């Protein structure tokens, strides 16, 4: 199918984008990379009167080091997460997750902001934002506000963004030498949405885990922190026993979707296998650092 | 009332300005307005890869961008790539290895192959398969396609390749 007819506007500033949204009486969608929106329009799941192309707004671009955090503009393309040196050095989990996102051509156009604002629970970048403890910078007609990733993902495709607001940038606490990172997922074919996936951040004190942050995708209605598993690790030596306890605790953390191809119990099992592999892979790293 | 918008872009080296409906995808624009029918429309939702073209040098799904979004961009289609001779070795390898049957997916396969072979070095077969993960071939010709791309990579790196 083809998209319903719409008007197309291309604002140069955030203020112009808000004006266009107001003028459309709210019957408008923001267009960034458009790689989720274009299929939704073609399938007529959405049919806005106006598309507001925000891809040319300079204030939504750029990756800059800002003290202890990395400010990543919402229009940063998936492919840039693979190549940008600031992301590789300061937000390594984004770099690790990027090869798992769709296919090369999709990564050339799709934006981090678009992926996070859509909040597909099966997408990689929303979960990674949770694991990194990122803050979302949101612009609205009344000014800018910041929302932690924890408070951003509310429900299936529901975020803290109010109608008309724009996701402007991510503020990611930069990686420290004591941090260990890992990301992986199970997908039936390369580029498919994952059956389940996870990103892990461990803050190590020698061989001991000082703090753990674990976020899963395809494991609930939103990307989700595995807080009980994290608690199993905090303050403990990273060894087989601690990992087994964390794997066991996942039952209380995840609320996996249940469908014909992948029963919830299978997803939980795969989540445990995945967590075991991710944490196990970090044991040697931790020992080397100690 | 039909809403139209003006778009100016460069297609295969030619400057083009047209008045079009904003809802027209780049793939439809190339096929209908420019008669460049080498860009194929398969799934029209970014899955099959038959509509891949280069936008500002990067492989892009023609079905996932509206033509108005390409304002000011440089677009190269399979017609431009083949007429320029830049993918002649890839086309020859596809021919020699029988890396196509019906040919519907081939323009997209060639755009992906061209993009992945642009940087120096010889990719592994795993990397080739990864790059092709967004290109569907319903004649199940993947093995030969991977063979062809690998052969070109080796040729370009100056290696001898068995015929």
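Residue numbers (our numbering), protein chains in the order written: chain V, 1 to 290; chain W, 291 to 453. Cβ coordinates follow ideal geometry from the N, Cα and C atoms, glycine included. It should be emphasised that the depicted structure is a prediction, and the values quoted were computed from it without experimental measurement.
- Short of 8 angstroms from the beta carbon of residue 442 of chain W, and not among the five residues preceding or following it, lie these beta carbons of its own chain, in chain order: 379, 380, 383, 403, 407.
- Inter-residue distance for residue 420 of chain W and residue 438 of chain W is about 15 angstroms (C-alpha atoms, whole angstroms).
- At a Cβ-Cβ threshold of 9 angstroms, residue 32 of chain V and residue 47 of chain V do not count as neighbours.
- Judged by their CB atoms, residue 53 of chain V and residue 24 of chain V are not nearer to each other than the 9 angstroms cut-off.
- Where residue 152 of chain V is concerned, the enclosing alpha helix (DSSP H) starts and stops at 149-152.
- The CB of residue 191 of chain V comes closer than 9 angstroms to the CB of 420, 423, 424 in chain W, given here in chain order.
- In this structure, residue 131 of chain V places its C-beta atom within 9 angstroms of the C-beta atom of residue 213 of chain V.
- At a C-beta separation below 9 angstroms, residue 78 of chain V has no neighbours in chain W, since its nearest C-beta there lies roughly 12 angstroms away.
- Within the segment 161-219 of chain V, the complete beta strand (DSSP E) runs of at least 3 residues fall at 166-173, 179-186, 196-205, 208-217.
- Unbroken alpha helix (DSSP H) runs of no fewer than 4 residues, entirely contained in the segment 225-270 of chain V, are found at 227-233, 240-253, following chain order.
- Distance from residue 189 of chain V to residue 423 of chain W at the Cβ level is roughly 7 angstroms; contact confirmed, criterion being Cβ atoms closer than 8 angstroms.
- Only those residues of the segment 292-317 of chain W whose C-beta falls short of 9 angstroms from the nearest C-beta of chain V are listed: 292, 293, 295, 311, 312, 313, 314, 315.
- In summary, residue 66 of chain V is exposed, with fewer than 16 beta-carbon neighbours lying within 10 Å of its beta-carbon over all protein chains present.
- Linking residue 239 of chain V to residue 277 of chain V through their CA atoms gives a straight-line distance of about 12 angstroms.
- C-alpha of residue 218 of chain V to C-alpha of residue 325 of chain W: approximately 42 angstroms in a straight line.
- Our two residues, residue 323 of chain W and residue 357 of chain W, have alpha carbons roughly 11 angstroms apart in a direct line.
- Remark: C-beta atoms of residue 412 of chain W and residue 344 of chain W do not approach each other more closely than 9 angstroms.
- DSSP places residue 383 of chain W inside the alpha helix (DSSP H), whose first and last residues are 378-386.
- In the structure shown, the three-state DSSP call for residue 136 of chain V is strand.
- Linking residue 161 of chain V to residue 377 of chain W through their CA atoms gives a straight-line distance of about 46 angstroms.
- In the DSSP assignment, residue 366 of chain W falls within the beta strand (DSSP E) that extends over 364-366.
- Using a Cβ-Cβ distance cut-off of 8 angstroms, the segment 85-102 of chain V and the segment 118-137 of chain V are in contact, since at least three pairs of beta carbons, one from each stretch, lie closer than that value.
- Beyond the five residues adjoining it in sequence on each side, residue 294 of chain W comes within less than 7 angstroms, by CB distance, of 309, 310, 311 in the same chain, given in chain order.
- The alpha carbon of residue 246 of chain V has as its nearest neighbour, out of V:258, V:225, V:260, the alpha carbon of V:225.
- For residue 440 of chain W, no Cβ of chain V is located within less than 9 angstroms of the residue's own Cβ.
- In chain order, 216, 219, 220, 224, 226, 267, 268, 271 place their CB closer than 8 angstroms to the CB of residue 254 of chain V, counting only its own chain and leaving out the 5 sequence neighbours on each side.
- With respect to residue 40 of chain V, residue 353 of chain W sits apart: the two C-beta atoms are not nearer than 9 angstroms.
- Counting only the Cα atoms, residue 159 of chain V lies some 22 angstroms from residue 70 of chain V.
- Chain W places a beta carbon closer than 9 angstroms to that of residue 1 of chain V, counting this residue as a contact.
- Around residue 355 of chain W, the beta-carbon contacts reaching into chain V at under 8 angstroms are 34, 38, 109.
- Scanning its chain for C-beta atoms nearer than 6 angstroms, with the 5 sequence neighbours on each side dropped, one finds around residue 119 of chain V the residues 126, 153, 157, 159, in chain order.
- Sequence-distant Cβ neighbours of residue 191 of chain V in its own chain, meaning closer than 7 angstroms and more than five residues away, are 102, 103.
- Using beta-carbon distances, residue 85 of chain V does not count as an interface residue toward chain W, since no partner is under 9 angstroms.
- Comparing alpha carbon positions, the residue from W:346, W:304, W:314, W:444 closest to residue 296 of chain W is W:314.
- Annotated as distal: residue 8 of chain V and residue 45 of chain V, with beta-carbon spacing of 9 angstroms or more.
- For residue 433 of chain W, the enclosing alpha helix (DSSP H) starts and ends at 432-446.
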